[in-house]
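Asker: In terms of our numbering, the numbers along the sequence shown are unbroken and rise by one, the last being 415. All residues carry an ideal CB built from backbone N, CA and C; glycine is no exception. For clarity, every value in this text was computed on a predicted model and none was experimentally measured.
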Amino acid sequence: MKQDALTYKANILMVLQSDFPPDIRLEKEIDALTQNGYQVYLLCNNKKNLPRFETINGNFHIIRLPRFRLGRKNLQSLFGVPLSFNPIWLFYIAKACRLHKIDFIHVHDLPLALGAIFVGKLFRLPAVFDMHENYPAALEVWGRKGFLPGLFRNPAFARKLEKMSLKLCEKIIVVIEEHKEMLTSIGINPQKIHIVGNTVQTDKYIQLKIDAEIVEKYQENFVLTYVGNFSPERELEVAIQGVKILAPQIPNLKMILVGDGGIREELEKLIENLGISKFVEFTGWVDFEKTPSYIAAANICIIPQPSNDLIDNGVPHKLFQYMALGKPVIVSDAKAMARIVRETKCGEIFRSHSPDDFARAVLTIKNASKEYGKNGKQAVIKKYNWSLSARELTNLYDNFKIK
13 MKQDALTYKA NILMVLQSDF PPDIRLEKEI DALTQNGYQV YLLCNNKKNL PRFETINGNF
73 HIIRLPRFRL GRKNLQSLFG VPLSFNPIWL FYIAKACRLH KIDFIHVHDL PLALGAIFVG
133 KLFRLPAVFD MHENYPAALE VWGRKGFLPG LFRNPAFARK LEKMSLKLCE KIIVVIEEHK
193 EMLTSIGINP QKIHIVGNTV QTDKYIQLKI DAEIVEKYQE NFVLTYVGNF SPERELEVAI
253 QGVKILAPQI PNLKMILVGD GGIREELEKL IENLGISKFV EFTGWVDFEK TPSYIAAANI
313 CIIPQPSNDL IDNGVPHKLF QYMALGKPVI VSDAKAMARI VRETKCGEIF RSHSPDDFAR
373 AVLTIKNASK EYGKNGKQAV IKKYNWSLSA RELTNLYDNF KIK
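1. Nearest to LYS394 by CA position, among PRO367, MET335 and ILE361, is which residue?
2. Run through the stretch 32 to 88 for me and flag every whole alpha helix (DSSP H) of 4 or more residues, listed as ranges in chain order.
3. Where does ASN233 land, buried or exposed, given buried means 16+ other C-beta within 10 angstroms?
4. Looking at the secondary structure, which residues open and close the beta strand (DSSP E) in which MET267 lies?
5. So, are the CB atoms of ALA371 and ILE257 less than 8 Å apart?
6. Check whether the stretch 292 to 309 and the stretch 351 to 368 touch, using three or more Cβ-Cβ pairs below 8 Å as the test.
7. Helix or strand or just coil, what does DSSP make of TYR396?
8. Pick helix, strand or coil for MET13, following the three-state DSSP scheme.
9. With distances taken from CA atoms, which of ASP115, LEU102 and ASP43 is nearest LEU25?
10. How is the beta strand (DSSP E) around CYS313 delimited, first residue to last?
11. If you measure between the beta carbons of ILE315 and LYS302, is that distance less than 8 Å?
12. Name the DSSP beta bridge partners of PHE116, please?
13. Using 10 angstroms around the beta-carbon of PHE97, count the other beta-carbons present and answer buried if the total reaches 16, otherwise exposed.
14. Does the beta-carbon of SER305 have 16 or more other beta-carbons within 10 angstroms, so that it is buried, or is it exposed?
15. Which residue comes first and which comes last in the alpha helix (DSSP H) that contains SER305?
16. Compare the C-alpha of ASP369 against each of GLU228, ILE342, GLN390 and ASN387 and name the closest.
17. What residues are listed by DSSP as bridge partners for SER9?
18. Can you check which of these residues, HIS73, VAL119, PRO123 and ILE74, is closest to VAL93 by C-alpha distance?
19. Just curious, the alpha helix (DSSP H) that TYR217 is in, first and last residue?
20. If contact is defined by three or more beta carbon pairs under 8 Å, each pair taking one atom from either stretch, is the stretch 183 to 199 in contact with the stretch 343 to 352?
21. Kindly give me the distance between the Cβ atoms of LEU405 and VAL208, rounded to whole angstroms, as I take these residues to be in contact under 8 Å.
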């Protein structure tokens, strides 16, 4: 590793298809790298028209794409579309490599991966492909919606791009063991693959202030809490239908849905049709700093997202957030989540798509004397915490050899 006048180990260019901030995973990775002697440059989109350049704490620099306009017409969605073949992105990746004497390229997710790796080859720079999720599987779950339907949202085409990117990059990052196993099964060298989990920064998250008014508001209820986005693939309707089954048995039941999303109106109509409006509450979007208060108010926290190729090979941040705050969890039988819950004994697992089995899981926890929450918290302290995940990330770079 090189040492410059400011003793930085190396310069890393991260490439992100979306705007920044926010991005929980990225923020944690940047903290880990900058605190361990690396200088990080982040090239990202700019749909929100934020300042082109920012420097934070001296060794983290944000480079945003310029705004593309024609008169009053906003052309950002056209020129800034995150595709490996987009010459705008290729130009700015190459420009950043040249201006900032980049040593490594670290590209997040599939859409820009092949382009970033290609630029890395031109500059003889090693590339790290950070796979936040199984992207081709995500396209299957999401459907062909969005700005570019057809080829660029075709899962089969995405798999071909992914396979090329996996073979050409020097290192691969995944968030869970199951994804590594899947990649190994299709012929990817396991020595290239590193697991950097979506674990929780315990020193920061559990120190966030708990709003006593929120906790007190629900103290007479038996509370099920969900935190996150409302989208079809999360199958919140299964949990809502489970509430219909549970309501006669738990008269003080309250499900709190913390967040928002495109299907909120559909969920509200379902709740009304089921006649359970008094048992379900929507908070709307809340600041991230407020989420621990709603988790603290819960008796059980839930992740109803069903088993499929997307969630089987990933795990959401919220699972470890729930566990860190000592709450029992209910998850579907999605492969990775179910393994963690069984391993740590922090909750119960229900059959995907089954409101009846969801209700069974709730009653099992309610009537049990097991220390689900304590088990989960201990598992986070000992294993599923960002301190250990960050070490895997920094070791990856520390062990690289710059040509």
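Answerer: This is what the structure gives:
1. MET335
2. 36 to 47
3. buried
4. 265 to 270
5. yes
6. no
7. coil
8. Summary for MET13: the model assigns pLDDT 49, below 50, so the residue's position carries little reliability; its value from the coordinates is reported in the next sentence. Three-state result, MET13: coil.
9. ASP115
10. 312 to 315
11. no
12. ILE24
13. exposed
14. buried
15. 303 to 308
16. ILE342
17. The requested residue 9 is not part of the displayed model; the chain covers only 13 to 415.
18. PRO123
19. 214 to 217
20. yes
21. 5 Å
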